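Taken in sequence, the protein lines are chains A and B.
Everything in the first sequence is counted per my numbering, starting at 897 for the first residue and increasing by one.
Everything in the second sequence is counted per my numbering, starting at 24 for the first residue and increasing by one.
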Amino acid sequence: MRALYRRVGAEALLVEVADTATAQATYRVVRRLVADAAVTIDPPRDLVPAARTVLLDGVDIDGWRKVLDAHAGAIEAERASSSPSTGRDVILPIRYDGGDLPFVASTWGCTPDDVVRLHAGARYRVAFCGFAPGFAYCTSDLDVPPTPRRTEPRTSVPAGSVALAGEYCGIYPRAMPGGWQIVGTTPVAMFDVTQAQPALLQPGDRVRFDPIGHRIP
Amino acid sequence: MTAAQGLRVVQAPPQLLVQDLGRYGWAHLGVPPSGALDPASLALANRLVGNPEGAAGLEILRGGCVFAAQGSVRIALTGAQLPVRVDGRPRAWGAAISVGAGQRIEIGVASAGLRAWVAVAGGIEAPVVLGSRSTDTLTGLGPPAVRAGDLLACAGSPPPPGDGDATPPRQATGPVVVRVRMGPRADEITPDALRRFLAEEFVATESSNRVGVRLRGASGGLERRSTDELASEGIVTGAVQVPSGGEPLIFLADHPVTGGYPVIAVVDRGDLSRCAQLRPGDHVRFTETRGQVPTPPAAPAP
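As structure tokens, this is what we get:
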């Protein structure tokens, strides 16, 4: 499907695409155009990727529509490319000590040990961030049923909890209420405002989990 | 600059926050813009005392606060028209006020409107987090809320006074009219709900805050066309969202960066000032605008 452009007020453009992979590709191409100064138009004040959209906030709407149309081929190529042009590789140590492993196992139709093996073996990509600063929604190459959220959200999920919901894996950057199914814990700080890049995981980053203190069955 | 220059908080209102013009460029990491809910009023207050428009000032909810000047300071009050007295003598709203060392500044309660901004010559000192000194009530980024006993130090030397901005008072009578552009998801509610959105009056409710103004319709919620879940997507300040209950809400500066309910319209930037002043019980009417509405950055509303 071609991108669908929706005006958002006087100065924002919502680009709606077919799937998360195309949204990610669109985000990366716009980032690259701005970083390489490949376009003369003013860059977005904020650029927000999401599940099937990318929001360009604080822009000349018609100008950016033309830019995106002109780079439709580049976005398609980026989507198809096996070595996307932006994003870093991040390895997160994880302890598979989550209380929801049995629930996830029943959802996936396997044992908790299988969940650990599958989760640790998968490759992830940060699709977008939201919910809280530094909370990354990661998609993966796992072929498993979507994981329902907890019917009773926890009033406080500890910082570093690695959890699943729907098709996503996310890591809670700080303690907060939450309804995702917790499979493990990472000791790494996900969000630190004293760093030049405050979020450890940014849209486009490639992620793998490295189990600690757990023998992979 | 002397270390002691600033304001000692003797009495704080229900909410007293340090705000500048917000933190932009981090939405892709889940960081809301935050900043003064009425950027134009903070910018005006800053100009009145000679500051750059984006200097950090104070956002006062409802009013009712007392400060003791540490050293001599120059301040200006904009937004809701709160009465201000220095050592008991009435002083001007919307103009620079010189306050001597040790003098007591009393800011009264608003008879109309909800929020006021105080600029202090030199700006207010607070740690810069991701480019801004603003308190973000949604995520907790930025300095904590200001409390009685706190010392708000000046960030820099007081600049020479500004040269005479006019400060137009607001004369609001009847329902507040807010201009919107329809979309991006106006097609997610029924045609009848769309008609009612632009025809009926809505009432601001008690659960409104810096994240958003929550509204109640005169004849119930706005119905969705379908109950299909919408994938989360990016949100802008001023977005009018229709959650599952159908009661619309206007997102303000501390809004989450994404949301999963349809945004049916977006408030023109020039009318966000009005939204920031809506009290629980105030009536709001939306009117559609299509043409180019001038939205000068951080200029006082005419």
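C-beta atoms are modelled at their ideal positions from N, C-alpha and C, and glycine is treated no differently.
Being a predicted model, the structure only gives us computed values, none of them experimental.
- Residues of the segment 1042–1053 of chain A whose Cβ lies closer than 8 Å to any Cβ of chain B: none.
- Secondary structure note for A/E974: its alpha helix (DSSP H) is the uninterrupted segment 968–976.
- Its chain contains V152, S157, T158, D159 as the residues whose beta carbon lies nearer than 6 Å to that of B/G165, once the 5 sequence neighbours on both sides are disregarded; these appear in chain order.
- The C-beta of A/L910 comes closer than 9 Å to at least one C-beta of chain B.
- The segment 1015–1028 of chain A and the segment 1096–1107 of chain A touch, with three or more beta-carbon pairs separated by less than 8 Å.
- Checking the DSSP bridge columns, you'll see B/F90 partnered with B/V32, B/I128.
- Taken in chain order, the whole alpha helix (DSSP H) runs of length 4 or more contained in the segment 902–936 of chain A are 916–931.
- Counting along the chain, B/T228 sits inside no beta strand (DSSP E), nor does DSSP assign it H or E at all.
- Against B/V234, chain A offers no close residue; the least beta-carbon distance is about 13 Å (beta-carbon pairs closer than 9 Å).
- Cβ neighbours of A/L1096 within its own chain (closer than 6 Å, five residues either side excluded): M1086.
- According to DSSP, B/G282 shares a beta bridge with B/E256.
- If you draw a straight line from the Cα of B/P303 to the Cα of B/A241, it comes to about 15 Å.
- By the Cβ neighbour-count rule, A/E1048 is exposed, with fewer than 16 other Cβ atoms within 10 Å of its own.
- Contact between B/F220 and B/F309 holds, with the beta-carbon distance rounding to 6 Å and staying under 8 Å.
- By alpha-carbon distance to A/R948, the top candidate from A/L910, A/A973, A/H967, A/R927 is A/L910.
- Close partners of A/R924 in chain B (Cβ separation under 8 Å) are lacking, with about 11 Å as the shortest Cβ gap.
- Under the Cβ distance rule, B/V226 does not count among the residues neighbouring chain A, no pair being separated by less than 9 Å.
- Rounded to the nearest angstrom, the gap between the Cα atoms of B/A68 and B/A209 is 37 Å.
- Within chain B, Y47, G48 have C-beta atoms less than 8 Å from the C-beta of A/R941, given in sequence order.
- Across the structure, B/G197 and B/E224 are spaced so that their CA atoms are roughly 11 Å apart.
- With a threshold of 16 other beta carbon atoms within 10 Å, B/S155 meets it and is buried.
- For a Cβ distance threshold of 8 Å, residue set R903, G905, A906 of chain A lies close to B/R204, ordered along the chain.
- The segment 120–128 of chain B makes no contact with the segment 56–67 of chain B; the number of CB pairs closer than 8 Å stays below 3.
- Residue pairing of A/F1105 in beta bridges, as defined by DSSP: A/L988.
- The beta carbon of B/P207 sits closer than 9 Å to some beta carbon of chain A.
- For B/A119, no alpha helix (DSSP H) encloses it; the enclosing beta strand (DSSP E) starts and ends at 119–122.
- The DSSP-derived three-state label of B/E211 is helix.
- Excluding five sequence positions before and after A/L900, the CB atoms of its chain that fall closer than 8 Å to its own CB belong to V911, E912, V913, given in chain order.
- Residue burial annotation: A/T1090 is exposed, with fewer than 16 other C-beta atoms found within 10 angstroms of its C-beta.
- Its chain contains G283 as the residues whose beta carbon lies nearer than 8 Å to that of B/E252, once the 5 sequence neighbours on both sides are disregarded; these appear in chain order.
- Beta-bridge annotation (DSSP): B/Q38 is paired with B/L84.
- Residues of the segment 1001–1031 of chain A that bring their beta carbon within less than 8 Å of a beta carbon in chain B comprise F1024, C1025, G1026, F1027, A1028, P1029, G1030, F1031, in sequence order.
- Membership of B/L272 in any alpha helix (DSSP H) is not indicated; the residue belongs instead to the beta strand (DSSP E) covering 272–274.
- In this structure the segment 175–183 of chain B touches the segment 132–151 of chain B; the number of beta carbon pairs closer than 8 Å is three or more.
- At a cut-off of 9 Å between beta-carbon atoms, A/T918 makes no contact with chain B.
- Residue B/G261 holds the alpha-carbon nearest to the alpha-carbon of B/R237 among B/G77, B/P36, B/G261, B/R127.
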